[in-house]
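Below is one structure; the comments refer to it alone.
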Amino acid sequence: MTQNLATREASPVLPEPPASPVAELARKVTTLQDLPYDVKANIARMCHVADQNIDDIVRDAKRRGGLPAGRNSAFANATSFRKSYPKAIGALYKVSKEWNALAAPFLFEALPLVKASDSLFRLIIAPLRGVHFRTVEMTSLATERHLVDLVQAVPHLTALRRIDYLAIPYQKIMSRMLPCVRANIEPTLNEALSGARWITFRGCSFDNMRHLTALSANRLVQLTLTTGKTETLEILPELLALAPYLRKLVLALSGSTVSFQDLISAPWTSQPQLTALSLTSRAMPEGWLDFVALFADHLAHYWLNLSDPAAIGPILPDESLARLETLTVNGVFDVLAECTKSLDAAKLPLLGSMRLVLRGPYKADRLAELLAEVEKKRISRRLVLMQTRGAPVRADSLDAVEDALDFASDWRDRATLSGDQASLDRLAKHLKAIEVERLLHAA
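So this is what it looks like as structure tokens:
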């Protein structure tokens with residue numbers, strides 16, 4: 011027995027057998043949790059953008075009267091279509107605590123007022139995630155109970171900056187409350203609404219717009235008005251006079267006969283120093299350029315989105331826009347071509363960035379035509395050309411990508427040979443978005 015023990019003690023220790031290739035591969039599998047934090051944050055942001063894109067499609071379908079039935083009659087209803095695509099950011103929120111924290115600011119960004127009375131919101135979401143809500147959406151479905159419950163949640167909604175008033179009969183709802191209830195909640199409610207820096211009106215009465223604008227007057231910097239009637243525009247001078255610090259006006263016009271002509275001759279008690287102006291419309295409304303001219307002395311940013319292919323004509327007033335820094339025009343090729351032809355460098359001395367968004371299935375070489383026209387003007391130090399709602403990528407688009415890659419390679423080689431670190435830093439900055447895509451692909 012002693013001899014057997016000695017023999018066992020003297021036996022050499024054999025090394026462990028090498029791991030099988032399958033086991034080695036299993037240990038190297040990368041999960042979502044292994045990704046860098048910046049990549050995770052970018053994934054959450056892109057999920058949110060994807061959700062917004064689907065929401066935009068649904069909103070556009072509703073505006074056009076619904077979706078075509080096709081083979082599946084259930085999709086003829088835009089709301090049913092949206093429900094068939096669960097929100098990506100909601101799925102990401104459920105993955106883990108870390109993803110929960112990353113997705114929360116996007117998932118809880120906007121609060122529909124009718125949800126303020128839900129027990130889940132009042133007892134759990136508001137206390138835990140209330141700091142993420144930045145927008146309250148008030149619609150025609152709102153009741154006295156919803157406003158009362160909103161007031162109870164206000165202490166948790168510390169980041170509210172935007173209120174969307176969508177056909178809500180606000181003053182009528184308040185008048186239906188018992189006097190004691192109204193006296194109890196109105197101070198807190200007014201304080202919450204007065205903190206709004208951005209407000210949107212759609213389908214609201216003049217009285218409601220006056221009252222609600224006055225509440226936010228001292229902090230309001232952006233006003234959005236959506237309408238299809240010329241009559242609705244009549245209140246604009248009054249609303250602008252109520253908001254002395256207003257800097258951006260966004261107008262979304264759905265009617266084809268909306269006119270600014272009467273607005274130009276209307277009495278203006280005071281005018282805010284607007285620095286940003288945005289218009290979305292089928293065609294250029296009558297009198298629009300004269301309206302733009304009212305703010306020519308301070309206008310720095312100008313957006314124009316025209317959906318009618320026949321909307322061809324000048325997009326800038328005759329007056330000089332001495333402080334205009336950025337110009338964005340979204341339209342079909344003929345609209346953009348007319349835009350580039352009508353540019354006058356003498357009237358746009360500070361224009362540093364111009365973004366032309368081409369709508370429709372055009373070849374990429376047509377974008378080059380626009381570029382050539384702008385180059386002739388020697389007007390913009392930075393030009394962004396984009397294309398949307400077009401056909402699949404064409405061969406000439408791929409050629410443009412190859413040209414860009416060749417240029418980037420030459421840039422790198424020149425900077426490396428000359429030791430120009432600043433030039434390399436600029437190249438790295440421009441390639442940052444591509445690097446994020448590479449990391450996502452590698453993961």
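Counting from 11, one number per residue, gives the positions in the sequence shown under the working numbering.
Virtual Cβ for every residue (Gly too), placed ideally from N, Cα, C.
Next item on the list: Kindly identify the DSSP beta-bridge partner or partners of Y103.
Entry: For this step, residue 103 is matched to residue 93 along the sequence shown. Bridge partners of Y103: none, in fact.
Note to self: Quick check: what's the CA-CA separation for D354 versus L415?
What the structure shows: To locate residue 354, count along the sequence shown from 1; it is residue 344. To locate residue 415, count along the sequence shown from 1; it is residue 405. So the two alpha carbons sit approximately 33 Å from each other.
Margin query: Run through the DSSP bridge pairs and tell me what Y455 is partnered with.
Written below: A query on residue 455 cannot be resolved here, the shown segment of the chain reaching from 11 to 453 and no further.
Notebook entry, point to check: Comparing the C-beta of D300 with each C-beta of chain D, is any distance below 8 Å?
Noted result: As a matter of chain content, chain D is missing from the structure shown, which is built from one protein chain.
Item checked: Complete runs of the alpha helix (DSSP H) confined to the region 220-244 [at least 4 residues] -> none
Note to self: Given this structure, state the Cα-to-Cα distance separating F301 from P295, to the nearest angstrom.
What the structure shows: Sequence index remark: in the sequence shown, residue 301 carries index 291 (1-based). Sequence index remark: in the sequence shown, residue 295 carries index 285 (1-based). Spanning the two alpha carbons is a distance of roughly 10 Å.
Next item on the list: Would you identify the three-state DSSP class for L284, choosing helix, strand or coil?
Entry: Working through the sequence shown from its first residue, we reach residue 284 at position 274. The answer is coil: DSSP assigns L284 none of H, G, I, E or B.
Checklist line | Proximal residues to Y103 (C-beta, below 8 Å), its chain only, five neighbours per side dropped | finding: Walking along the sequence shown from the start, residue 103 turns up at place 93. If we look at Y103 and ignore the five residues flanking it on each side, its Cβ neighbours are W109, N110, A113, A114, L117.
Checklist line | Anticipated Cβ contact below 8 Å, R171 with R144, distance rounded | finding: Taking the sequence shown and counting its residues from 1, one reaches residue 171 at position 161. Taking the sequence shown and counting its residues from 1, one reaches residue 144 at position 134. Confirmed, about 5 Å.
Check: Over what stretch of residues does the beta strand (DSSP E) that includes T336 continue unbroken?
Finding: Position 326 of the sequence shown holds residue 336. Start and end: 336-341.
Check: Exposed or buried, what is Y180 when buried is set at 16 or more other beta-carbons lying within 10 Å of its beta-carbon?
Finding: Working through the sequence shown from its first residue, we reach residue 180 at position 170. Buried is the call here.
Next item on the list: For Y312, name the three-state secondary structure that DSSP assigns.
Entry: Within the sequence shown, the letter at position 302 stands for residue 312. Three-state result, Y312: strand.
Margin query: Could you check whether S127 and D159 sit closer than 8 Å to each other, using their CB atoms as the reference points?
Written below: Stepping through the sequence shown from its first residue, residue 159 is reached at position 149. Stepping through the sequence shown from its first residue, residue 127 is reached at position 117. Yes, they are a contact pair.
Item checked: Residue from A202, K182, N218, G205 whose Cα sits closest to the Cα of Y175 -> Within the sequence shown, the letter at position 165 stands for residue 175. Ranking the options by Cα distance to Y175, first place goes to N218.
Next item on the list: Tell me whether P402 sits in a helix, a strand or coil according to DSSP, three-state version.
Entry: Taking the sequence shown and counting its residues from 1, one reaches residue 402 at position 392. Here the model assigns P402 a pLDDT of 35, short of 50, so the residue's position is not dependable, and the following value carries that caveat. P402: coil per DSSP, three-state reduction.
Next item on the list: May I ask you to list the residues that DSSP assigns as paired with K258?
Entry: For this step, residue 258 is matched to residue 248 along the sequence shown. Answer is Q232, A286.
Notebook entry, point to check: Cβ atoms of L203 and A227: under 8 Å apart, would you say?
Noted result: As a working mapping, residue 227 is identified with position 217 in the sequence shown. As a working mapping, residue 203 is identified with position 193 in the sequence shown. In this structure, L203 does not lie closer than 8 Å to A227 by Cβ.
Margin query: Rounding to the nearest angstrom, what Cα-Cα distance links A120 and T168 in this structure?
Written below: Working through the sequence shown from its first residue, we reach residue 120 at position 110. Working through the sequence shown from its first residue, we reach residue 168 at position 158. Rounded to whole angstroms, A120 to T168 spans 13 Å at the Cα level.
Notebook entry, point to check: Do three or more CB pairs link the region 321-337 to the region 283-294 at distances below 8 Å?
Noted result: yes
Next item on the list: Check E119 in the structure and name its three-state DSSP category.
Entry: By one-based count along the sequence shown, residue 119 stands at place 109. Coil.
Checklist line | S269 - partner residues in DSSP beta bridges | finding: As a position in the sequence shown, residue 269 is number 259, starting the count at 1. DSSP lists E296 as partners of S269.
Margin query: Looking only at its chain, what residues have a beta carbon closer than 6 Å to the beta carbon of A262, apart from the 5 residues adjacent to it on each side?
Written below: Against the sequence shown, residue 262 aligns to sequence position 252. Closer than 6 Å at the Cβ level, and outside the excluded window around A262, lie T236, T290.
Item checked: Span of the alpha helix (DSSP H), counted from its first residue to its last, around D328 -> Against the sequence shown, residue 328 aligns to sequence position 318. Unbroken run through D328: none, as it is neither H nor E.
Notebook entry, point to check: Short check: CB of N194 to CB of L225, under 8 Å?
Noted result: By 1-based counting over the sequence shown, the position of residue 194 is 184. By 1-based counting over the sequence shown, the position of residue 225 is 215. Going by C-beta atoms, N194 is not nearer than 8 Å to L225.
Note to self: Out of D44, L368, A286, Y95, which one is the CA nearest neighbour of I64?
What the structure shows: Translated into the one-based positions of the sequence shown, residue 64 becomes position 54. Taking only the C-alpha atoms, the option nearest I64 is Y95.
Next item on the list: For my contact list, A163 and R132 are in at a C-beta cut-off of 8 Å; report their separation, rounded to the angstrom.
Entry: Residue numbering aside, residue 163 sits at position 153 when the sequence shown is read from its first letter. Residue numbering aside, residue 132 sits at position 122 when the sequence shown is read from its first letter. With 8 Å as the limit, A163 and R132 qualify as a contact, their Cβ atoms being about 7 Å apart.
Notebook entry, point to check: Near R139, which residues of its chain fall below 7 Å by C-beta distance, leaving aside the five closest residues on each side in sequence?
Noted result: By one-based count along the sequence shown, residue 139 stands at place 129. Excluding positions up to five away in sequence, the list reads A114, F118.
Item checked: L287 versus T336, F417, S150, residue with shortest Cα-Cα distance -> Position 277 of the sequence shown, counted from the start, is the residue given in the question as residue 287. Out of T336, F417, S150, T336 has the C-alpha closest to the C-alpha of L287.
Item checked: Whole-angstrom distance between K239 and L327, CA atom to CA atom -> Mapped onto the sequence shown, residue 327 falls at position 317. Mapped onto the sequence shown, residue 239 falls at position 229. What sits at residue 327 in the sequence shown is Pro, not Leu. Roughly 23 Å separates the two Cα atoms.
Item checked: Straight-line Cα distance separating I444 from P197 -> Here the question's residue 197 lines up with position 187 in the sequence shown. Here the question's residue 444 lines up with position 434 in the sequence shown. One C-alpha to the other measures close to 50 Å.
Checklist line | Limits of the alpha helix (DSSP H) - the one that M184 falls within | finding: Working through the sequence shown from its first residue, we reach residue 184 at position 174. Looking at the DSSP string, the run of the alpha helix (DSSP H) that includes M184 is 180-185.
Notebook entry, point to check: Is L353 helix, strand or coil by DSSP?
Noted result: The residue you call residue 353 lines up with position 343 of the sequence shown. Reduced to three states, the DSSP call for L353 is coil.
Margin query: Using only CA atoms, which one of L361, K387, F343, E385 lies nearest to V367?
Written below: Residue 367 sits at position 357 when you count from the first residue of the sequence shown. The shortest C-alpha separation from V367 is found at F343.
Next item on the list: Tell whether a beta-carbon distance below 8 Å holds between V146 and I183.
Entry: Against the sequence shown, residue 146 aligns to sequence position 136. Against the sequence shown, residue 183 aligns to sequence position 173. Not in contact: V146 and I183 (Cβ atoms no closer than 8 Å).
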